[in-house]
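**Q**
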Amino acid sequence: GWGGAGWGGWGGGVGLGGWGGGGGGGGGVLGVGGGGGGGAAAPRPAQLPALWRRQARYTLEFSLRDPGVREVMRLMGPRILGLLFVQLHFLVNTILASSLAAGSLSALNYAWLLMLLPLGIFAQAIATVIFPTFATQVAAGQREAMRASFVLILRLVIFLTLPAAVGLWVLDVPLVRMLFEHGKFDPSSTELVVFALHFYVLGLISHAIVEIGVRVFYALHDTWTPVLVGVGAMALNVSLSFLLVGTLLHGGLALANSVATTLEMLLLLGLLNRRMGGLQVAALGKSVVRNGLAAGVMALVVWLGVRWLQGLTGVDATLGVWLTALGGMALAAVSYGVAALLLQSAEARWLLQLVVQLVR
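Pasting the structure below:
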């Protein structure tokens with residue numbers, strides 16, 4: 005699935021790009037670009053043994069009359085249109101951020117990458133894995149089973165991305181310093197990234213829910229609805245970007261994205277609620293409140309823990325930065341898990357049972 009191959013390519017791209025773009029390699033931006041391409045291509049040969057074990061054989065055929073090809077083309081058209089508008093949004097962001105103070109565009113991109121980490125690890129990976137289940141249930145006419153699967157996955161994704169959003173907010177400076185504050189990336193650069201990150205994390209959960217909701221529409225062989233909703237969201241995003249960039253600078257661009265994505269998420273859920281005959285809204289709301297309280301406890305524990313670690317190791321020491329960031333993440337995971345279990349979170353129990361089964 006994409007979760008393994010895609011993130012393998014992302015990691016390979018970072019590694020090769022760092023080697024090519026570092027001082028020793030002399031490749032500069034060419035090394036980074038080549039590393040990205042090489043990292044994307046590197047995992048592909050690793051997939052071949054698995055295909056051979058499954059006796060997968062390919063023959064070169066080209067027939068536009070094939071029903072399967074026609075169905076793919078029919079469903080692919082709206083998706084291509086949607087991707088076109090997504091790229092238009094990034095182009096507008098690039099133009100607007102480039103007109104701001106030096107470093108604004110880079111800060112926006114760094115903050116976006118930080119938000120993508122939990123989004124890719126949790127939401128995109130889960131969405132990729134669950135999509136075949138959705139499609140199989142639709143093909144078998146099991147609409148009730150599909151609705152139950154969707155609600156379950158929705159609750160699980162919210163359970164995982166909620167503490168990620170809170171953690172990115174509370175551990176903002178330590179994380180940015182640990183990952184990026186090297187060389188010409190100085191404390192002022194960290195401030196720029198953190199400013200944008202605070203606005204981006206407001207939409208993290210919405211981005212995650214959209215990832216799952218869109219897959220449901222795809223399983224229903226409806227690609228037009230999520231694309232049209234997405235195009236509307238992108239239009240709102242661009243409009244808000246022009247309105248907010250004057251007062252909030254590059255943070256306004258991040259806030260525009262979060263607001264537009266949240267409205268997109270609400271509209272998609274509303275349409276799915278109507279189409280699927282209800283999404284157990286009451287149970288979903290109780291789950292969000294319970295896990296939200298656990299995330300609040302986590303935020304307090306991490307906030308206190310970070311200050312204790314900073315006092316123990318020093319704020320500016322390199323070792324202190326790493327210990328604060330890594331220690332803060334460990335505190336976040338433990339405190340959120342314990343608080344969620346004490347608050348009788350069903351999602352926490354599910355994950356605990358899964359971990360126990362895997363260990364055994």
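Residues in the sequence shown are numbered consecutively from 5, following this note's numbering.
Note that the Cβ used here is the ideal one computed from N, Cα and C, for glycine as well.
Can you give me the Cβ contacts of Gly324 inside the same chain, cut-off strictly under 7 Å, excluding the 5 residues immediately before and after it?
**A** Once the five neighbours on either side are set aside, the close Cβ partners of Gly324 are Gln314, Thr317, Gly318.
**Q** Does the beta-carbon of Gly28 have 16 or more other beta-carbons within 10 angstroms, so that it is buried, or is it exposed?
**A** Its pLDDT being 46, under 50, Gly28 is placed unreliably by the model, and the measurement read from it follows with that caveat. When all chains shown are included, Gly28 counts as exposed.
**Q** Expressed to the nearest angstrom, what Euclidean distance is found between the alpha-carbon atoms of Glu351 and Leu160?
**A** Answer to the nearest angstrom: the Cα atoms are 6 Å apart.
**Q** Using a 10 Å radius around the Cβ and a threshold of 16 neighbouring Cβ atoms, would you call Gln91 buried or exposed?
**A** With fewer than 16 other Cβ atoms within 10 Å, it is exposed.
**Q** Closer than 7 Å: is that where the CB of Phe163 sits relative to any heavy atom of the ligand COA?
**A** Among the components of this structure there are no ligands whatsoever, and the ligand COA is therefore not found.
**Q** How should Ala299 be labelled, buried or exposed, when 16 other C-beta atoms within 10 angstroms of its C-beta is the threshold for buried?
**A** buried
**Q** Tell me, please, whether the segment 194 to 212 touches the segment 246 to 264 by the rule of three or more beta-carbon pairs shorter than 8 Å.
**A** Touching, per the Cβ criterion.
**Q** Does DSSP put Met280 in a helix, in a strand, or in coil?
**A** Met280 falls in the coil class under three-state DSSP.
**Q** Hey, Val220 and Thr265: beta-carbon distance below 8 Å or not?
**A** no
**Q** Based on Cα-Cα distance, which residue from Pro122, Leu267, Thr227, Ser103 lies nearest to Asn241?
**A** Leu267
**Q** Does the structure place the segment 334 to 341 close enough to the segment 304 to 313 that three or more beta carbon pairs sit under 8 Å?
**A** yes
**Q** Could you tell me how far apart the beta carbons of Leu123 and Ala329 are, in whole angstroms, since I believe they sit closer than 8 Å?
**A** 19 Å between Cβ atoms; not a contact.
**Q** Is the Cβ-Cβ distance between Gly296 and Leu166 less than 8 Å?
**A** yes
**Q** Taking the alpha-carbon positions, what's the Ala175 to Thr322 distance?
**A** Note on residue identity: the sequence assigns Leu, not Ala, to residue 175. Distance between the alpha carbons of Leu175 and Thr322: 16 Å.
**Q** In chain order, what residues of the same chain have a beta carbon less than 6 Å from the beta carbon of Met269, not counting five sequence neighbours either side?
**A** Ser210, Ile213, Val214
**Q** Is DSSP giving Gly8 helix, strand or coil here?
**A** Only weak support is given to the placement of Gly8: the predicted model assigns it a pLDDT of 41, under 50, and the question is left unresolved by the model.
**Q** In chain order, which alpha helix (DSSP H) runs of at least 4 residues are fully inside the segment 97 to 141?
**A** 108 to 122
**Q** Mind checking whether Leu288 and Val155 have CB atoms under 8 Å apart?
**A** yes
**Q** Would you grab the beta carbon distance between Ser243 and Leu100 for me? Rounded to a whole angstrom, and I think it's under 8 Å.
**A** With 8 Å as the limit, Ser243 and Leu100 do not qualify as a contact, their Cβ atoms being about 12 Å apart.
**Q** Could you compute how far the alpha carbon of Glu65 sits from the alpha carbon of Thr227?
**A** Cα to Cα, Glu65 sits roughly 26 Å from Thr227.
**Q** Got a sec, what are the start and stop residues for the alpha helix (DSSP H) His211 sits in?
**A** Looking at the DSSP string, the run of the alpha helix (DSSP H) that includes His211 is 208 to 223.
**Q** Taking the C-alpha atoms as reference points, what is the distance between Leu87 and Trp312?
**A** Rounded to whole angstroms, Leu87 to Trp312 spans 46 Å at the Cα level.
**Q** Looking at the unbroken alpha helix (DSSP H) that takes in Lys290, where does it start and where does it end?
**A** 285 to 317
**Q** Just how far apart, CA to CA, sit Val218 and Met238?
**A** Spanning the two alpha carbons is a distance of roughly 15 Å.
**Q** Identify the continuous alpha helix (DSSP H) that holds Phe199 and give its terminal residues.
**A** Boundaries of the alpha helix (DSSP H) harbouring Phe199: 191 to 204, taken from the DSSP string.
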